[in-house]
Structure formats: structure tokens, C-alpha cells
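Protein chains in written order, with this note's numbering: chain A, 803 to 1206; chain B, 803 to 1206. No residue lacks a Cβ here, since even glycine has one placed at the ideal position from N, Cα and C. Because the structure is a prediction, the values reported are computed rather than measured. Worksheet for the structure shown next.
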């Protein structure tokens, strides 16, 4: 988190541009057979050359040992500690999905559940359906509703087993809505209620949604009802540009990353379909902004499937694109990730993320490489993600001195 | 300190066991002649092999530059910042001694002092007796009292020079008792008073203790009175098991370490006499718990005497025992210390403590050793002791992801 007194030092120098190249799930762990991580295995001449002329280190995302989802991880590297931004659980889930959750939307966490004719919850998890069954149920409810309830757009985001997220999109929705989930089996569903008068209309929409969904699901042997909890909208945060004196743009192919960037007030550019289109967009819009968040998804996707050689290949795709980014001559070029996604985990992990900051003021080590182990030594040490932007400003000579 | 939001992520997976092997006073400093520390001098094939397959780093115990006593150091590595646990000075002293200070006990810091017939304090330090003289005085008072005052058990824990600790053990003792120490020479002793009605009976016991001690010491030329201050019992802390979702056991030969473990709510096992008995106990009780704190004292004891080769020998004793611990196949094996006790200091020091965490998710360096200088580089960097348990949970896959 940038300290208020640090924020007072921020200078606006638009010609000193900063590019934050975000390789999703960048960090890895050694392959059991070779003892080398994905970064240590890949051929990365451009990235390693960059590392050798950069300040390097590793970045903690939340707290030591804590593995972040994508939403909280991005907030953290944009400088907003995810434990301090007040997120409702619904909003947190929606933001972590590949759905473009937007201001004004209302989200709730949901379970498929088994409910008897007297509204008593018999099984809060509807006997744990498969993920595929979950997707079928979401599609069935949505098509049954025709995608809308009383003019409010409904989105169902399937999750694991019985879990999913409901998003309501419409005019004047208010998040002060209480759960219908009694939290224990053998208890009755709680009718949805507004937590304050302004939420009365929203509560009516949610109740109508629930009764329609019950009707659509009535012949399902297990998943014949829904439990909703954690109603919430997007949190209000201090705009990124105000905080850092920047005119920031986000370039990302996936909705979730566009969503988090929009949440903090970045301008979201175009609709790139892949990394090549992202870099072309960066080139075209380069004169218009002084900060660019460029998101690359392939590394994380390969990490999730556990395909080691695919993650290696994705890293090499990025490496090949580096000269095009360098050709723009940004004052500061950062290469980092939002968390580690080691192939041996097939999931995010808490391991600090390899990070390099290339600038004329970098304190580099000529033998440094962009790998987990090489960057255990470096100018940046192990630092917190919420300090990344402050360091970026410093490297761009965009922070004045504190005191005479 | 584990954050509340991190605590919400804790999973209970009893089969993923964690062993914390604590080598008291582990860290050292180079021998002036060889330039090698105790760890660098010892032959430690097993510990170095572990280090090469572990996440490694060095652990700060309190604040940079602050040397902890044993009590605060252990609290810190159990995840309780010792500056934030509200300890009375008496309880802190008692907990730092080799006395098994327990819940319900009352402790006060004490001085031998010179007091005249009118109760005026002439010398608050009784001309600074030697440590040996201090021990003689404590023994004299204790035998004079027959070890008891009005049914309350009395323990006197000799300290350095004029300092010692008094512990009262009995039914219904209340810590709200004011000091009798006027803090300045030339002032009269303050009669002990209760700070609230419930402490009246305890205050009476303390006053009776003081007058009996005066009588016993009346022929001492200097140390003819006692000053007491900082009455306190054990602080209440959130139980370790609730905090980390563990079923923790402590294995330690010395009372003080058993006391701190009991304070945070660990089950203290058996009465082992030495390290071999400790490891046998670990083997016997291994199925019953999922977290084991195993304390080894020899390294610290050798550090205090300044016997470099003895500390080397103690390290080698531990090294030989490592295969027995590994044979239990814990998911996570941590080797660390509670502070450094360099032989050249003959005392604790503030230097960060070499630490390794061995698990399937460790980011290891094949050339790493369990030494102060080798672990200046490593996955863990320099981290705070209060984060050790959170990292242990992460390595045991016992923390869920924060946000989607």
C-alpha cells in the first residue's frame, strides 16, 4: 500500500512510461525429474537478457504462505491490499471468475441444495454434483428464466461441485440483502429480506428469481433449490490514476483481468483475442497513456493443467515478443506475475513471484536470470506486491525526494 | 501473526503432519580463528541434505536488532508476537526461567534491598550481591518459610545479582496487586495493596510473605528486605490449535519450554530426560497428533558457556537423530531455532535464525546447507517468526486459496 506521505511525492511526468507485463501464474517449482523449474527449463534469451539489466527480486502477494485467487492477486499488485479492500464474498467470487463483473452488478455465492416441500434444507450440497452436472443445472435455470427476471439480467457462473455464483445486472440494485441460507441442514430456508429500505426492490427481484428457479428445478432429484449468501457489489477504491499520478490503460484478453483493471479505474483498451493482438494494441495506443498493464494468460492456463512443457512453450511465446515491447522504449519495463502456478501443483501457490524492473536506475546483477532461484538474490529482495507500483514510480523518476 | 482472514483459510487435514524441530540457540557467529560458525564447523550430513531439499531462509524473532529471551522467542515462533501478548513483567520473568509457570500462578519481579528500621529503602540493590549470594539468600528465605505461606506454595527463582522472581501457587490467586517498591531510595516501602476487591486475599498472602521474609533476613547486613513489582499471571491467548487447525503436542525436557507450549494450549507429552527420550516419545505418540514441537536444549546451553566445540558436538548429536525423524515421513519437517546463541557472545543474540522447511512444495537450492551464510539466500528470505506457522500450513497444503 502506498503510504499517504509517499503519495504526496508522486510526480506526473507522462513521457516516462511504465509497462507492467504480467505473466499470469509466472512462478513455478522444479520438475521432479530434472530438478529444474519451468522458467529454468525454457529457452528465454530475451527475458534473461532483460533480467541481467534489471533490479530483481521476488514478490509476496498477500501474506506469507497465502495463495491468492486471481482477483485478490491483481488488486494486490495494483497496490490495494486484498485483505483491506472490503469485498463481499459474492463480489470476490464474481471478480475471480472470467466474468466481467462491473460496478452496479450484484453477486451472491450460491449452492445447489436439496429442499423438501416444507422448505426445509435436507442437503446443503445437493449430494455434491459433478462440475459437469453443475454446468448443466446452471444452463437449465438460465434458459428457463430466459436470462432475465423482471428486467434484471441474470448470469450464473458455475463453480466446483455444488457451488456457483449468481450475478444480477440492472438499474438501481442494492447489495444490502440478507442470505436465504440457514447454514444448517434440517432448518428452513430464510425468505430473502432487504437489510435497508433502499434494497426492497432488489430483494423482490431476488425472491422472484429464487421461486422461478425452484419451479425450473422441481423435477431434479437432488438439486431442487438454491442457497444464496454474501450479496455484494464492487467495492469503492481510490482510483489508481489518482493514487499514482498515472494515466493507466489495461490490455487483457480475458474478462476477469479487464474487470479488475476497470475496478481500479484503468481505461480498458480494445478486445484483443490473443497475446499478439494485445501487443499490437499496445503499439497502437502507446502514445495515449503512460502506464500499461498487459496481461498474458497462457502461463497460468498451462500451470493449471499441469502441462510442464506447455508452460515452457508459453514462456517462450512471451520471450519472442519481448523485442517488440522493448522497441517502444518504455522508461520502465516490469515483468512479473500475479502469483505462482507451479505445474506440480496444478493450482496457484503462495511462493513469491519472480520479478524484474528494468530502468536506467536498475541495480542489476549481470548473471541474473528470470528464474525463481536466480532472483532469490537481487536488488528488490522479497517485497510485498502492494509496493510494486511505488517501486515502478521510483524507477521512472516519478517520485520526488521526501524532505530536504 | 496470522491475519484473521488467513485464519479463515485454515483446513484441517490431520494426515498432513508437521514436525517443528527446535534447536535452541541454533544460530551462531564465526570463530575468530577459523572464520567459520558453529554450523559451518560441525559435520552435519543429514541436516545439510535436508537443507538441499527444503525452502530455506532466516527468521527474525521480534524486531530487527532485538534479542529475545526464551519465553518471548518461543511465543513468537508459535505465532504470538511477544510485544502484543500482554505479559506482566513477573510472568515474563517466570516464563523465561526454567520454572514451569502455570495458569493460576502469580509471579512478581523481586530485588534484594537494604531497608532501615523505619521501612525506608536505603539501597534498592542491596549493594549488588553476587549470583551465588543471591542463590544462598533465596534458599535461606525458602527454607525459613518451609516453602509455604498460609497454604500458598512459594517458589523463589534466583536471577542475576540482586534480582529474582517470586512465584505464588495456590487457589484463587488474583494478579491485581500493587507494587511495594517505591522505585527510589530514601522513600518508604509501600504496603502491598489489592487493586480490586477480589485480590484482597492474595494481597494478604503477599504481605504475610514479605513480613516473614523480613524476619528471616533480619541479620543480613545488606539484603534484609524485598522489593516486589509487576505482579502477574499467565496471559490469556487464543489457543494454538484453534488458530492453526492443529492438534499440537509438545516434547521438551526442560520446564520452561513445556510451560510456553502449555500456555498456548499444546498437549505436553511425557517427561523425557534427554533428546533420545524425546525422539522415542515422538515415535510413540506420532499417530495421536498432527503437529509436534520438539525442543533440543544442548545447542543453547553450549552457546551460553561459550564452548564452541561443545556446540559443534551438540549439533552433531542432533544430526545423527535426523534419520529417525525422517522415518516418520511428516508432510512438513521444519528445523529452526528460537534465537541465535553465538559462542562468542555467551548469550542470546538478535541475528536471524537459520531455518529450513522441508515439504513436497519446497523451493529448494541443491547447494544449500543449514548454515547462517548459506541461508542468506533462499525461498523464505528473511521472514518474521510469527509467520513460520502460516508457512508451515501452506507447505502442508493446509491453507485454502484466498478468493477465486
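query, result
"Own chain, CB closer than 7 Å to residue 848 (chain A), minus 5 neighbours either side, in chain order", "1121, 1124 and 1125"
"Nearest-angstrom Cα separation, counted from residue 1097 (chain A) out to residue 982 (chain A)", "38 Å"
"Pairwise C-alpha distance: residue 1159 (chain A) and residue 1134 (chain A)", "7 Å"
"Reference residue 831 (chain A); option with closest CA among A:994, A:820, A:812 and A:1141", "A:1141"
"Within 9 Å, strictly: CB atoms of residue 872 (chain A) and residue 826 (chain A)", "yes"
"Short CB-CB distance (under 9 Å) between residue 867 (chain B) and chain A", "no"
"DSSP three-state assignment for residue 905 (chain A), whether helix, strand or coil", "coil"
"Endpoints, the beta strand (DSSP E) within which residue 1032 (chain A) is located", "1027 to 1034"
"Check whether residue 1093 (chain B) and residue 1050 (chain B) have beta carbons under 9 Å apart", "yes"
"Beta-carbon contacts of residue 975 (chain A) that lie in its chain and below 8 Å, excluding the five residues immediately before and after", "906, 907, 908, 954, 1004, 1007 and 1035"
"Pick from A:916, A:1011, A:918 and A:896 that is closest to residue 948 (chain A), judged by C-alpha positions", "A:1011"
"Beta-ladder partner(s) of residue 958 (chain B), from DSSP", "B:968"
"C-alpha distance - residue 877 (chain B) paired with residue 803 (chain B), whole-angstrom precision", "11 Å"
"Proximity below 9 Å, CB of residue 923 (chain B) to CB of residue 910 (chain B)", "no"
"Separation of residue 904 (chain B) from residue 891 (chain B), as counted between CA atoms", "15 Å"
"Run of the alpha helix (DSSP H) containing residue 809 (chain A), from where it starts to where it stops", "806 to 809"
"Whole-angstrom distance between residue 887 (chain B) and residue 822 (chain B), CA atom to CA atom", "22 Å"
"Sufficient close CB pairs (3 or more, under 8 Å) joining the stretch 894 to 904 of chain A to the stretch 926 to 946 of chain A", "no"
"Residue-chain proximity (residue 1158 (chain A), chain B), Cβ-Cβ < 9 Å", "no"
"Cα-Cα separation between residue 1000 (chain A) and residue 979 (chain A), rounded to whole angstroms", "10 Å"
"Span of the alpha helix (DSSP H), counted from its first residue to its last, around residue 1011 (chain A)", "1002 to 1018"
"Status (buried if at least 16 other CB within 10 Å, exposed otherwise) for residue 862 (chain B)", "buried"
"Beta carbon proximity, residue 831 (chain A) to chain B, threshold 9 Å", "yes"
"Inside the stretch 1096 to 1176 of chain A only - beta strand (DSSP E) runs reaching at least 3 residues", "1134 to 1138 and 1155 to 1160"
"Spatial neighbours of residue 1065 (chain B) in its chain, beta-carbon cut-off 6 Å, leaving aside the 5 residues before and after", "1036"
"Selection from B:814, B:1191, B:1187 and B:1193 that minimises the alpha carbon distance to residue 883 (chain B)", "B:1187"
"Length at least 4, wholly inside the stretch 1067 to 1091 of chain B: the alpha helix (DSSP H) runs in chain order", "1077 to 1087"
"Contact check, residue 961 (chain B) vs residue 895 (chain B), beta carbons under 9 Å", "yes"
"Nearest residue (CA-CA) to residue 1153 (chain B), options B:939, B:1201 and B:1178", "B:1178"
"Buried or exposed (CB count within 10 angstroms, at least 16 for buried), residue 840 (chain A)", "buried"
"Bridge-paired residues (DSSP) for residue 777 (chain A)", "Outside the displayed range of chain A (803 to 1206) lies residue 777 (chain A), so it cannot be described from this structure."
"Selection from B:843, B:829 and B:977 that minimises the alpha carbon distance to residue 1143 (chain B)", "B:829"
"The stretch 863 to 870 of chain A touching the stretch 1186 to 1202 of chain B, judged by at least three CB pairs closer than 8 Å", "yes"
"Where residue 1188 (chain B) sits in the DSSP three-state scheme", "helix"
"Straight-line Cα distance separating residue 972 (chain B) from residue 1029 (chain B)", "21 Å"
"Within chain A, partners of residue 1189 (chain B) - CB distance below 8 Å", "865, 866 and 867"
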